[in-house]
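Novice:
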Amino acid sequence: MTAPIIQMRDVSKKYDAGRPALDHLDLEVEAGEALAVLGPSGSGKSTLLNLVAGLDRPSEGGVTVAGLRIDGLSEAASARYRRDRIGMVFQFFNLLDDLTVADNVALPARLAGTPRDEAHERAARLLERLGLQPHHARTHPGRLSGGQRQRVAVARALINRPALLLADEPTGALDTASAAEVTGLLTELNADGQTLVLVTHDVALANACATRTIELVDGAIHRDVRGRTAAAR
Amino acid sequence: MSALGGVVRGGVGRRRVQTLVMTLTVMMAVTASVLAAGLVVASRAPFAHAFARQDGAHLTARFDGSKATAAQLAATARVPGVTAAAGPDPVVSLRPTVESDGFDGRGVPPGMRLPPLTIVGRDRSGGGVDRPDLIEGAWASGRGQIVVSADGPPFAIGDRLSFPGLPGRPTLTVVGRARSVSRTADAWVPPEQAAALHVPGAPRAYQMRYRLASSGTDAEVTRARAAIAAALPRGALDGATSHLTTRLAAERTAATFVPFIVAFGVLGLAMSVLVIGVVVSGAVSAATRRIGILKSLGLTPAQVVRAYVGQALLPAAAGTVLGVVLANLLAVPVMSQAEDAYGVGALTVAPWISAAVAAVALAVVAVTALVPALRAGRLRTVDAIAVGRADRASGRGRGPRRLLGGLPLPRPVSLGLADPFTRPARSATMVASVVLGTAGVTFCVGLAVSLHTLQDGLDRRSPGEVVIQAVGPPDTAPAPPGPRAPRIADPAAVAAKVAAQPGTRGYFRTGRAKVGVAGRAGTVTAHAYEGDSSWGPFAMISGRWFRATGEAVVPTGFLKATGTRVGDAVTLTYEGRSSSVRIVGEALDLSDEGMTVLTPAASLAGLRVEIPPESARFHVALALGTDVDAYLRSLNAALGPLGVRGQADTGGTSTTIIAMDALAGMLTVMLVAVAGLGVLNTVVLDTRERTRDLGVFRALGMTPWQVTAMVLTSAAGIGLAAGAAGVPLGLALHARVLPVMGESAGTGLPAEVMDPYDPPLLAVLLLGGLVIATAGALLPATWAARIRTASALRTE
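For the protein sequence lines, the chains are F and B, in the order given.
Here the first sequence stands for residues 1 to 233, numbered as in this note's numbering.
Here the second sequence stands for residues 1001 to 1796, numbered as in this note's numbering.
(1) Who are the neighbours of F/Asp103 on chain B, taking C-beta pairs under 7 Å?
(2) Could you check whether the Cβ of B/Thr1422 sits closer than 8 Å to any Cβ belonging to chain A?
(3) Roughly how many angstroms separate the alpha carbons of B/Ser1120 and B/Val1515, rounded to a whole number?
(4) Can you list, in chain order, the residues of its chain whose CB lies under 8 Å from that of F/Gly18, leaving out five sequence neighbours each side?
(5) What is the DSSP secondary structure of F/Pro308, counted as helix, strand or coil?
(6) Cβ of B/Leu1598 within 8 Å of Cβ of B/Ala1605?
(7) F/Gly219 to F/Asp23, Cα distance in whole Å?
(8) Taking 8 Å as the threshold (beta carbon to beta carbon), is F/Thr140 in contact with chain B?
(9) Taking a cut of 7 Å between CB atoms, which residues from the segment 1712 to 1733 of chain B lie near chain F?
(10) Using a cut-off of 8 Å between C-beta atoms, extract the partners of B/Pro1704 located in chain F.
(11) Within the same chain, show all residues whose beta-carbon is closer than 6 Å to that of B/Gly1768, passing over the 5 residues directly before and after it, in chain order.
(12) Compute the Euclidean distance between the alpha carbons of B/Leu1731 and B/Leu1073, then round it to the nearest angstrom.
(13) If you count every other CB in all the chains shown that lies within 10 Å of the CB of F/His120, and 16 or more means buried, which is it?
(14) Kindly indicate which three-state DSSP category B/Leu1313 falls into: helix, strand or coil?
(15) In chain order, what residues of the same chain have a beta carbon less than 7 Å from the beta carbon of F/Thr139, not counting five sequence neighbours either side?
(16) Is the segment 1681 to 1698 of chain B touching the segment 1724 to 1743 of chain B, taking contact as three or more C-beta pairs under 8 Å?
(17) Looking at the unbroken beta strand (DSSP E) that takes in B/Ser1791, where does it start and where does it end?
(18) Here's the rule: buried if 16 or more other CB atoms are within 10 angstroms of the residue's CB, otherwise exposed. What is B/Ser1450?
(19) I need the DSSP call for F/Met8, collapsed to helix, strand or coil.
(20) Alpha carbon to alpha carbon, what distance is there between B/Val1262 and B/Ala1393?
(21) Is there at least one Cβ from chain F nearer than 8 Å to B/Gly1388's Cβ?
(22) Counting only C-beta atoms, is F/Pro108 closer than 8 Å to chain B at any point?
(23) 8 Å is my cut-off, CB to CB: does F/Arg151 come that close to chain B?
(24) If I measure Cβ to Cβ from B/Ala954 and keep anything under 6 Å in the same chain, skipping five residues before and after, which residues do I get?
(25) Whole angstroms are fine: how far does the CA of B/Thr1300 sit from the CA of B/Leu1667?
(26) Mind pulling the alpha helix (DSSP H) runs of 4 or more residues that sit fully within the segment 1166 to 1236 of chain B?
(27) Quick one: list the residues of chain B neighbouring F/Asn50, beta-carbon separation under 7 Å, in chain order.
(28) Counting only the same chain and skipping the five closest in sequence on each side, list residues whose C-beta sits under 6 Å from that of B/Gly1345.
(29) When the Cα atoms are used, what is the spatial distance from B/Val1026 to B/Tyr1308?
(30) For B/Gly1388 and B/Thr1682, what's the separation of their Cα atoms in angstroms?
(31) For the alpha helix (DSSP H) that B/Gln1072 lies in, which residues bound it at each end?
(32) Applying the 10 Å Cβ sphere with the 16-neighbour rule, what's the burial state of B/Ala1601?
(33) Whole-angstrom Cβ separation of B/Gly1081 and B/Ala1140, contact assumed at under 8 Å?
(34) Please confirm if F/Leu111 has its CB atom under 8 Å from at least one CB of chain B.
(35) Does F/Leu96 come out as helix, strand or coil in the three-state DSSP assignment?
(36) Excluding sequence positions up to five away, which residues of its chain have a Cβ less than 8 Å from the Cβ of B/Met1660?
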């Protein structure tokens, strides 16, 4: 039996003297799973994602991702962790407007020291695989539709072949058609074995993509359901 | 506090870095401007005040009494253009000898024969033109009394001056010391005493002092002089001195400071405009959403404009106050030299200058801030509020980014290098800021090297490691009561001892005498050289050092005063005899206002000029490896019986040069600091505006070091390019300012002073821009590296 790709043990996160954003949370995610994290605003979804991404540190407890204990990493080590082991997709894409699509996608690989040509080859293959045309690679993100931009963001997240793909409201800024497009893409990626953690309000997305769904309420897991369409239950 | 006041206070408080940058920038510009303007005015003030108080003479003329009668001279008061005249007063030129009861090493040694003094017979009022200030003692009121000029030899009250060349060897007692700003005489006696000082058989001479209706230019004074000469028999006018010449000499020290301080003032002002423009523009663009909110709450466009101009004026006012205070403090050491010269008490920067510069500085800030403030006022509320929610694609800088992305550089470096192209206007001001900073450093370093080279050049007036003066202290052996005279050694005996001394590589002797120059009134100092002086020439501005009898080297002052050039011949005169020398070189020498002639002693043989033995100095060069102290011990043992001693010649250091060095250094530090702060401000604005992008970079795995490298590179590229542009600007500034400073000091400058930049120095200076930019970007780069990724990603 392989070790879980995410292990959160007794994790709490407090921002101030008030109620904790996460309260003694335990969570394990297996490789290949597509976990959807649902919950109302302020339930702790984003905090959970930030802790897994190494963007923030827990006040208590430990977080291990892909065999690496990340809650005590230095800033530089956190950056290397994100670069090498995870990919992130954001609600508002967070593409760099001054870079071409290809440069955006290749950026994490270049930061990791991959030679430019190799990084761009990988980017081109990814973009093609995600349904973007070669001419899109040379354009800038501002010229693309919302769905296309999110595909670019996904390609960028995958460029370093991460063990884990984190997505924060990936369809939150998209129209219905684009949202469906991105949902299909994420489902497809998970079907190919990519471990996925989705933070979303979008039940349809969770239903379509997730193999497991947890619902957070006041920083604790209120519900944990396995299987597709679990969110609907 | 009004709502608007609250907005202004809030804006200033929130942007502490920008506030600090603006305060320091304005402070620097105001400091340099107040100093420059203050010095320009103050350098003229002491002379102008003293001249007005004394009813100074615009023209002082000396006449040959054998060619014009006193009545004819008095009638020149009615020549057109003359508004007042005094005289004719008898004038004589005599060489006195001091006879006093003791010599304590200060003042004029007893027994020493002095150069001729111009002695005028007149009362203190001087007929209403030129009333000298009495510095000490009383005015001469009876026979046997004399008042000496405080600008002449350092006589003391009570000194007795005897005149061996006159029948009966009359003796006069110094009863007072006075200062005539017009420099009309070296000493004054009562008119009846002047008659007793007349050399029997010599033609009588008279002095007239004139005030003129127009005397602002050389041409106007020359016209008046010509009109006076034309009203008298031909040849009656022996010579005349313009107040402009006297003023130029008097204002020289302060005036030499003015050119480079003006240069710094201009640089500082240009930089202030740039930095303030960037700061206020940045404040507007960074606060666009805030402006939208303020407008939505009811702030009118005019109030927005006032708020943003106010945000600039508040720190500018603080900078102005600091700048005025600093400039007034810095002016103290510079102006103290002028105070000494005139005895006018403490000089300060005129208050109106501080007020005027402050007003101009604040006006410049207000106008500079007005442009971006008007932009803020015109912003549409709905657009302003929407900022941060819309896409940020500007489209600028994509070409360079793509180009640089293709280079085999680490990605953070290529990203950083491309950054300036996304905000070309802001980057351009950063370039300008670094260009000015680098130009300032280049100029100042060049100035410092030039000043040191100049000092070395001036030190070459006294070459060699050892110098021996022919005058020694008075004999300390028991002697009968009475004056003790200093001992004057026989030059030939000293020369023999020096020549015999092991370790002597070469030596020569100089002596000084006052001689005339045909066609010019007054005297010049002839330096007569004996021996081979080829190893110790003066620093040369043009031409070469003399090699043969009949050749002479002169300073710029001589060339200007006599209207001659290198290659011309001049006739030197002495007591009716004349001798011609050819000018073969222009030397760097500021002594005696540059009115000196350096020539082999043999050139003066025809003049039969009497060179006072006490003026003799031996300059000795030592063989390589000779220990100076050991040489001096041995030499002084040999010289002991002659009563003189050799000393190590360590050269001198001009206090003016030290003051200039310190002032230029401080202004440069301020300029560089402002340039660095300008960079810091720009990079802070950039990083703040790009916070979300930085968050994305960090989320994608950019390490803190890579962020630091990216931000530093964004400034370093500009620094390198701006440095390359700033160095030529600094060189041009140096080439423009140095000759003006030389002109103010009354001298040309040797080539090595004019061009102090050698290739290694230039290479270092070229990196100056890089250093300024990198240093300025270091803090914001550190802040950017420490940014919290999760927060940055949420930034609007």
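Where a beta carbon is used, it is the ideal one built from N, C-alpha and C, also for glycine.
Specialist: According to the structure shown:
(1) On the first sequence, position 103 is the one that residue 103 of chain F refers to. Below the 7 Å Cβ cutoff, chain B contributes Gly1405 as neighbours of F/Asp103, in chain order.
(2) The structure shown contains no chain A; the protein chains it does contain are F and B.
(3) Start at 1 with the first residue of the second sequence, and residue 1120 of chain B comes out as number 120. Start at 1 with the first residue of the second sequence, and residue 1515 of chain B comes out as number 515. A small fix is needed here, since residue 1120 of chain B is Val in this sequence, not Ser. Rounded to the nearest angstrom, the two C-alpha atoms are 20 Å apart.
(4) Along the first sequence, one-based indexing puts residue 18 of chain F at 18. Counting only Cβ-Cβ distances below 8 Å, and skipping sequence neighbours, we find nothing.
(5) Residue numbering for chain F in the displayed model covers 1 to 233; residue 308 of chain F lies beyond these limits and cannot be assessed.
(6) Walking along the second sequence from the start, residue 1598 of chain B turns up at place 598. Walking along the second sequence from the start, residue 1605 of chain B turns up at place 605. In this structure, B/Ala1605 does not lie closer than 8 Å to B/Leu1598 by Cβ.
(7) The sequence position of residue 219 of chain F within the first sequence is 219, counting from 1. The sequence position of residue 23 of chain F within the first sequence is 23, counting from 1. Distance between the alpha carbons of F/Gly219 and F/Asp23 is about 5 Å.
(8) If you number the first sequence from 1, residue 140 of chain F lands on position 140. The residue asked about is misnamed: residue 140 of chain F is His in this sequence, not Thr. Yes, because at least one Cβ of chain B sits closer than 8 Å to the Cβ of F/His140.
(9) Listed in sequence order: no entries.
(10) Locating residue 1704 of chain B in the second sequence gives position 704, where the first residue counts as 1. Result: Glu75, Ala76, Ala79.
(11) The count along the second sequence starts at 1 and reaches residue 1768 of chain B at position 768. Excluding sequence neighbours, B/Gly1768 sits near Thr1438, Val1441, Gly1723.
(12) The count along the second sequence starts at 1 and reaches residue 1731 of chain B at position 731. The count along the second sequence starts at 1 and reaches residue 1073 of chain B at position 73. Their backbone Cα atoms lie some 55 Å apart in a straight line.
(13) For the purposes of this step, residue 120 of chain F is identified with residue 120 of the first sequence, where counting begins at 1. Using a 10 angstroms sphere on the CB of F/His120, the tally of other CB atoms reaches 16 or more, which defines it as buried.
(14) Your numbering for residue 1313 of chain B matches position 313 in the second sequence. In this structure, B/Leu1313 counts as helix in the three-state DSSP scheme.
(15) Residue numbering aside, residue 139 of chain F sits at position 139 when the first sequence is read from its first letter. For F/Thr139, where only same-chain residues beyond five positions count, the Cβ hits under 7 Å are Thr100, Val101.
(16) Short answer: they don't touch.
(17) By one-based count along the second sequence, residue 1791 of chain B stands at place 791. Note, B/Ser1791: premise wrong, no beta strand (DSSP E); alpha helix (DSSP H) at 1789 to 1793.
(18) Working through the second sequence from its first residue, we reach residue 1450 of chain B at position 450. With 16 or more other CB atoms across the displayed protein chains lying within 10 angstroms of its CB, B/Ser1450 is buried.
(19) For this step, residue 8 of chain F is matched to residue 8 along the first sequence. In the displayed model, F/Met8 falls within a strand according to three-state DSSP.
(20) Here residue 1393 of chain B is taken as the residue at index 393 of the second sequence, counted from 1. Here residue 1262 of chain B is taken as the residue at index 262 of the second sequence, counted from 1. Below a pLDDT of 50, predicted positions are generally treated as unreliable, and B/Ala1393, at 45, falls in that range; no measurement from the model is reported.
(21) The residue labelled residue 1388 of chain B in the question sits at position 388 within the second sequence. Any answer about B/Gly1388 is weak, because its pLDDT of 47 lies below 50 and its placement is not dependable; what the coordinates show is given next. Closer than 8 Å: no.
(22) As a first step, residue 108 of chain F must be located in the first sequence, where it is residue number 108. It does; some Cβ of chain B falls within 8 Å.
(23) Taking the first residue of the first sequence as 1, we reach residue 151 of chain F at position 151. It does not; no Cβ of chain B falls within 8 Å.
(24) Absent from the model: residue 954 of chain B. The displayed extent of chain B is 1001 to 1796, so no value can be given.
(25) Counting from 1 along the second sequence, the entry for residue 1667 of chain B is found at position 667. Counting from 1 along the second sequence, the entry for residue 1300 of chain B is found at position 300. Rounded to the nearest angstrom, the two C-alpha atoms are 42 Å apart.
(26) Runs of the alpha helix (DSSP H) inside the segment 1166 to 1236 of chain B: 1191 to 1196, 1218 to 1230.
(27) Here residue 50 of chain F refers to the residue found at position 50 when the first sequence is read from its first residue. Going along chain B in sequence order, the residues near F/Asn50 (Cβ under 7 Å) are Ala1790.
(28) Position 345 of the second sequence, counted from the first residue, corresponds to residue 1345 of chain B. With a pLDDT of only 47 at B/Gly1345, under 50, the local geometry of the prediction cannot be trusted, and no value is derived from it.
(29) Your numbering for residue 1026 of chain B matches position 26 in the second sequence. Your numbering for residue 1308 of chain B matches position 308 in the second sequence. CA-CA distance, B/Val1026 to B/Tyr1308, rounds to 17 Å.
(30) Locating residue 1388 of chain B in the second sequence gives position 388, where the first residue counts as 1. Locating residue 1682 of chain B in the second sequence gives position 682, where the first residue counts as 1. Since pLDDT at B/Gly1388 reaches only 47, below the 50 mark, its modelled position is unreliable, and no value is offered.
(31) Working through the second sequence from its first residue, we reach residue 1072 of chain B at position 72. Judged by DSSP secondary structure, B/Gln1072 falls within the alpha helix (DSSP H) whose first and last residues are 1070 to 1075.
(32) The count along the second sequence starts at 1 and reaches residue 1601 of chain B at position 601. Using a 10 angstroms sphere on the CB of B/Ala1601, the tally of other CB atoms reaches 16 or more, which defines it as buried.
(33) Sequence index remark: in the second sequence, residue 1081 of chain B carries index 81 (1-based). Sequence index remark: in the second sequence, residue 1140 of chain B carries index 140 (1-based). Rounded to the nearest angstrom, the Cβ distance from B/Gly1081 to B/Ala1140 is 32 Å, too far for a contact under 8 Å.
(34) To locate residue 111 of chain F, count along the first sequence from 1; it is residue 111. The C-beta of F/Leu111 comes closer than 8 Å to at least one C-beta of chain B.
(35) On the first sequence, residue 96 of chain F is found 96 positions in, with the first residue counted as 1. DSSP places F/Leu96 outside both helix and strand once states are collapsed to three, so it counts as coil.
(36) Sequence index remark: in the second sequence, residue 1660 of chain B carries index 660 (1-based). Taken in chain order, the residues that qualify are Thr1256, Phe1257, Phe1260, Leu1447, Leu1451.
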